[in-house]
Every structure is written in structure tokens, then in C-alpha cells.
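Structure first, commentary second.
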Amino acid sequence: MQFKHPELLYALFLLLIPVIIHLFQLRKFQKIDFTNVAFLKRVTIETRKSSQIKKWLVLMTRLLLLACIIFAFAQPFTSKKSNFNTKQETVIYLDNSFSMQIKGNNGELLKRAIQDIIANTSEDETFSILTNDKTFRNTTIKAIKNDLLQLNYTANSLTPEAALLKSKTLFSKQKDVLKNLIFISDFQQSESNFTLKTDSITQYHFVKLNPVNNNNTAIDSAYISERNTTAITLNVILKNSGKTIDNLPISLYNNDKLIAKTSVSIANTAETTFSLPVNEVINGKITIEDAGLQFDNTLYFNINEPSKINVLVINDTDDDFLQRIYTNDEFNYTSVLENQLNYNDIDKQQLIILNELNNIPNALIAALKSFSSQGGSLLIIPSNEANLNSYNALLSHFGSNLNALVNAEKRITKIKYAHPLYNNGVFEKQVTNFQYPVSNNFYTMSSNNAAVALEYEDGKPFLFSNNATYIFTSSLQKDHSNFKRSPLIVPTLYNIGKFSLKFPKLYYTIGANNTFDIVTTLQQDDILALVKDDISIIPRQQYFNNKVVITTSETPNKAHIYGVLNNKETLKKVSYNYDRKESNLNYMTLAPANNLTLSDSIAEIFDNIKSDTKVNALWKWFVIFALAFLIIEMGILKYFK
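At position 455 of the sequence shown (counting the first as 1) the number is 455 in UniProt numbering, and the numbers step up by one without a gap.
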């Protein structure tokens, strides 16, 4: 038992005064003579005995009465925690990622959690609450009740570590504050193991919400596996957790019109294909019906009208091998001699190839520097008789230099599989033993920011890049190298061409860093926007001479097909889908730790916090006891003879 005003307990010493008075019998009796002394003594003795008992009882009741009054004014209480009078702060993290769509015993986990928070928080209690995409600091349930009831799921999920770190920032910097952090989530298994690092100033309360079952089927991804003159083959991959499904319908829509339907049986994974027409714009949607998570039942994609990449080859030698790679179905291929070049054509290109020029004129150097600065791609194949001064006047713009020509045979033995040219599915597996191409002579080079794609056996570069500029260190003529006959030349040069203009992909993932190019010419103050119905988003964009580079990450935040608009003109369509990592319904096993409370009930956690700091006031009991002793005293005085 503790006291709110313990200083009042000093008044208990005043209780000694009536005790002292009683013990010293300060009252004096008057002496009266009687003839029958023996009888008088007997009566006096009996009266004194009964009087003494009554006085002791009255004294005790009065002392207890006064003591209870003193205790009542001192306001005694009991508390489970010794730091009952410490100021408290409460921060609640509520996971609203898509995995919280799964159903628990009382409906969707997120919706049930919101109802429990509202039901277990008093209207005027101040606390802070955050989700994966919203933060409410120092608020009350009365102020944010409608916001919580309208809370939507988000693709911007946080790892437990990130959520805890963000939650702690909502606590004040004050010392001697009892901090309660309530973490409400399904604790979905993440790529990294989660270990809670507790501290002495924060009490952690983890509420792990459990689904009824882990059954869920998701459209995982889609890709184009084949293109020919008559059809496009679209492959769709599905993943399943829980019970095996024997006949799952899959529907394919174009502009919300059903164009194909099939079904699959699926235990863990399954794959099916659809055939799409060639040279037709497809604004596609693939759907399934599943009672588990809803966000992964739809996958949007689009196939835009085919566009070609402009490739300009400036020659001093034969370019047949380039024409065979940059075919007319994907590229607008133009080949000119250096002395016949129309400089006005340079800004219209996406890729310019210098094919073994002996000398690079100053005018061309200036034009190529400007072209590169405007986002153009450049491929340099040096001549064996190159004027290094003219070459280096251009290459110095990219932080590189070609040095002396070395006449020595070397094999090209190392492929840098992490290089962008080769990390996009060119190779099914990494190979170390293949038919190595050979160079009979090569230029040594120096570079500040070179990303090597192909290496000689001694580690020197055969092909390297700096941003969108690619440089061979050897002539590709058959007298100097057999690289033209190597299988490597096709994916290498083809990808250099394809990377010079990044057409929108089949679809993009919300939350990832996505970049694509839109070929257009903008007027002053024009700006591109991503538009779907009443949603209009202005993405990050960079304008060059003949294209706009668009970059997105967190926005748009809703899966759908968006039009890329310049004013009211639709230039392209791009599709965005939610990240499928939330489809994985595997969960963490939480381990006990200091200052950590584990539960599967939000109500239980709130009750524990309240009981830990609840003050049981006892002053009313002492008032009741005082009244009782007063009644007892009155009874003694009235009825005790």
C-alpha cells in the first residue's frame, strides 16, 4: 500500500493525546460520607469496573475513527507497478500490408484489428499510431476513428525492423517516461531473420494475428515466351499455398472484354499459356477467383503498338554483320560513310555506331558529345589504324582513353554476367568453358568509371561501358579478331541496341525502381502524366531531344493500366501490379525476450497495460471504516451501561 499524501500520516501522533489523558485519569471525584461504608465500597467498585471497560471501548473506537480519517486524507492506494506515477506514452504500429487481407476468426485481420483498437481505447486517451503509409502523432481515437475505419491496404510494406525503427521515432525525448510500443501484425516471414533488440526504457507488446488457414492462390507473373509472324505466346505462372486445387479457372481480358479462358490444376506452382494476336494493342488483365488474398487475383499487362529503334552506323568499313543483327522488324537501320554524314540526322537517333573510323572529325566529336548528353547511346568499334588523338578527344568526355596498340594474340575468356548486357536472361547458366573468341591485337585503355562486360584472359577489357557508351578495345575485322563468328556477338550488340531505348515493359511492380522511355517531342512547359480515370500522377521525368525518361517507384500505388498522357494525347500505356511477396503466407515464430509481451489478442494487451498501471484507490474504504467506527462508538455510548 502506498499514499498519495504520506506527509499527512504525521497526524497519527496526535492519537497519543487521548491515550495519555485516559491513562492518567485526569478527572477528579468528589468525596461524600455515608453511614454504611461497606455497602458504598461495593457499589463504587462495580461502577468503576464497568466504567473502565466502556471508556476503553470508546477510546479504541475513537482512535480507530480518527486513524481512518487520517488515512483517508492521505489517500492510500495499491498499484501493480512501482512506477505508477510515471508519465506514459503509447505508440501503436498497425500493419496494413496486403497479407492482412487474409481472414481470421472474426473476418479480415486488418479490419478486426481496427475494431479492437477502437473498442479498447478510451476516446480521450492520447497516443500515436502509424501504419505502413500513414502516421498519426499524439492523437486520440475520437479524432482518427473515421480515418482508421477507412484505412486501406497498401503495397508499401515495412520489414519488422523498419517498422520498429519508425515507431520509436514517435516517442518523445523525455526521460522518466514509461514507453509502451504495441506492434500489431501477422508477422509474415521476411527474407531476413528478425531479432528484437529490447531496451530498458521501452515495453514491447507484440500482437500476432493468426489466420484461420494459409490457403491462397496467386497469379505470380507473366512473360512473353515466343513471338512469330502470326501470334504472341503469353505464359502465366501461378503459385499456391495450402490445399491442392483441381480446376482453377483463369480468364484473360483485353480492354475489359473476355478474350480467352482456361483452367489449371495446381498444388504448388502451375503455368499456362495464352495466344495473342500480333500487331494488336493489348490492354490486358488476367484474373482468377480465390477466397484467400484478393490483391494477387489480378495481373495487369499491356502490349503497345510496336515501335522501332533508330540506329545510325557511321562506317569506314563493311557493316554487313551489323545489318544482320539490327533487322528491320525492330530497328530503323541507317548506314552512311563518315564523309557523307548529315549531322542533322544525329539528334533523331537512339544508337550511333562508329564502325572502325580511322579518324573522328572535330565536328563529329562535338555532335556526339551533345548526343550523349541528351541520353543517346554510343557504340565505338576502333579501327586498327585509329588516330588516337581524335579518339581520345571523344573518349575523354566519358573518362576513358585508348593507349598504344598491342600486337599479341589473346583469348576473350571472361563474361561479366552481372553487367546489364548479360544479366537479363541471355544465359540460362554461367559458363566458364566455351569456344573463346580471339583478338590478334588490341588497344590498352584507362578509364575512371569503366564497367567491364568482356575481358581477356589477363583481365584487361575487351568491351567496357560508361553509362550508355560502349567501347571495344579491338577491331572486329576478321584479320584482327574472330569475335564476329562468336555466339556472343548477337546478344551483345542486340542488347546494346535494345537498351538504347527502354520501351515500357509488359508490366512494372509497384515499389520497385522502374524506368522507361517515351519517344516524343515536348513543347515548353509540357509535362507527361500517368492517368487512370480520376487518378493523375506526375512522375519524375527527364526530357531529352527526342524522348522523355520516366522513373517511378512508390507511385502509382494502385495496380492498374495507366495512360502516359501529354495534355490529352495518350502516347503509351503502362501497367503496374502489386509486389507478390505479400502472397507468401509463411509466418515468423516469435521468441520471448525481456520487456516483451507476446499475445494473439489486442484486447488482452490493452488490458495488461491498463492493469500494470492501474491505481486501486483505498480512501473510500477508510471513510467507510470511519463511519462504521462512529456508529460503533455511538452504540457503545447509548447501549453500554
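Think of the CB as a built atom: it goes at the ideal place given N, C-alpha and C, for glycine as much as any other residue.
Quick caveat, the model's predicted, so the values are computed rather than measured.
Beta-carbon spacing of residue i, residue j below 8 Å
i	j	result
residue 470	residue 576	no
residue 69	residue 626	yes
residue 465	residue 383	no
residue 231	residue 277	yes
residue 93	residue 163	yes
residue 202	residue 173	no
residue 319	residue 355	yes
residue 559	residue 300	yes
residue 501	residue 517	yes
Coarse secondary structure for residue i, derived from DSSP in three states
i	result
residue 280	coil
residue 628	helix
residue 587	strand
residue 623	helix
residue 274	strand
residue 563	strand
residue 374	coil
residue 636	helix
residue 517	strand
residue 260	strand
residue 348	helix
residue 295	helix
residue 435	coil
residue 571	strand
residue 532	strand
residue 578	coil
residue 254	strand
residue 310	strand
residue 26	Per-residue confidence for residue 26 stands at a pLDDT of 49, beneath the threshold of 50, marking its modelled position as unreliable; the derived number appears in the next sentence. Of the three classes helix, strand and coil, the one that applies to residue 26 here is coil, per DSSP.
residue 69	helix
residue 52	helix
residue 617	strand
residue 304	coil
Residue i to residue j span [Cα, whole Å]
i	j	result
residue 129	residue 606	14 Å
residue 566	residue 526	7 Å
residue 316	residue 303	38 Å
residue 490	residue 522	35 Å
residue 289	residue 562	24 Å
residue 14	residue 67	10 Å
residue 159	residue 189	10 Å
residue 537	residue 601	40 Å
residue 637	residue 20	21 Å
residue 611	residue 604	10 Å
residue 480	residue 532	55 Å
residue 285	residue 542	30 Å
residue 199	residue 594	8 Å
residue 504	residue 497	15 Å
residue 262	residue 249	6 Å
residue 60	residue 632	10 Å
residue 492	residue 460	18 Å
residue 295	residue 551	24 Å
residue 112	residue 106	6 Å
residue 26	residue 11	Confidence in residue 26 is poor, its pLDDT being 49 and thus under 50, which makes the residue's placement unreliable; the coordinate value appears in the next sentence. Each residue's alpha carbon lies about 24 Å from the other.
residue 196	residue 415	42 Å
residue 436	residue 488	10 Å
residue 143	residue 122	12 Å
residue 349	residue 578	35 Å
residue 557	residue 157	12 Å
Whole-number beta carbon distance between residue j and residue i, since they are thought to touch under 8 Å
i	j	result
residue 171	residue 89	6 Å
residue 591	residue 553	Contact doesn't hold; Cβ gap of about 34 Å is too wide.
residue 187	residue 208	5 Å
residue 519	residue 372	Wrong, their Cβ atoms sit about 18 Å apart, outside the cutoff.
residue 194	residue 588	6 Å
residue 309	residue 342	The pair is not a contact, with the Cβ atoms about 19 Å apart (cut-off 8 Å).
residue 222	residue 235	7 Å
residue 258	residue 251	6 Å
residue 8	residue 74	4 Å
residue 378	residue 101	Contact flag wrong, Cβ pair sits at about 49 Å.
residue 409	residue 438	6 Å
residue 312	residue 352	5 Å
residue 707	residue 548	Nothing can be reported for residue 707: it is not among the residues displayed for the chain, which extend from 1 to 641.
CB contact check: residue i to chain D, cutoff 8 Å
i	result
residue 271	Protein chains in the displayed structure number just one, and chain D is not present.
| request: Note down, one range per segment and in chain order, each beta strand (DSSP E) of at least 3 residues found wholly within the segment 173 to 199. | output: 177 to 185
| query | Which runs of the beta strand (DSSP E) spanning at least 3 residues fall entirely within the segment 445 to 511, listed in chain order? | reply | 451 to 456, 461 to 466 and 469 to 472
| field | Unbroken stretches of the alpha helix (DSSP H), 4 residues or longer, contained in the segment 139 to 179 | value | Complete alpha helix (DSSP H) runs here, min 4: 141 to 149 and 160 to 168.
| task | Quick one: which unbroken beta strand (DSSP E) runs of 3-plus residues sit fully inside the segment 375 to 418? Chain order, please. | result | 377 to 381 and 400 to 415
| beta strand (DSSP E) segments (min. 3 residues) lying fully within the segment 190 to 249 | 202 to 208, 216 to 227 and 231 to 241
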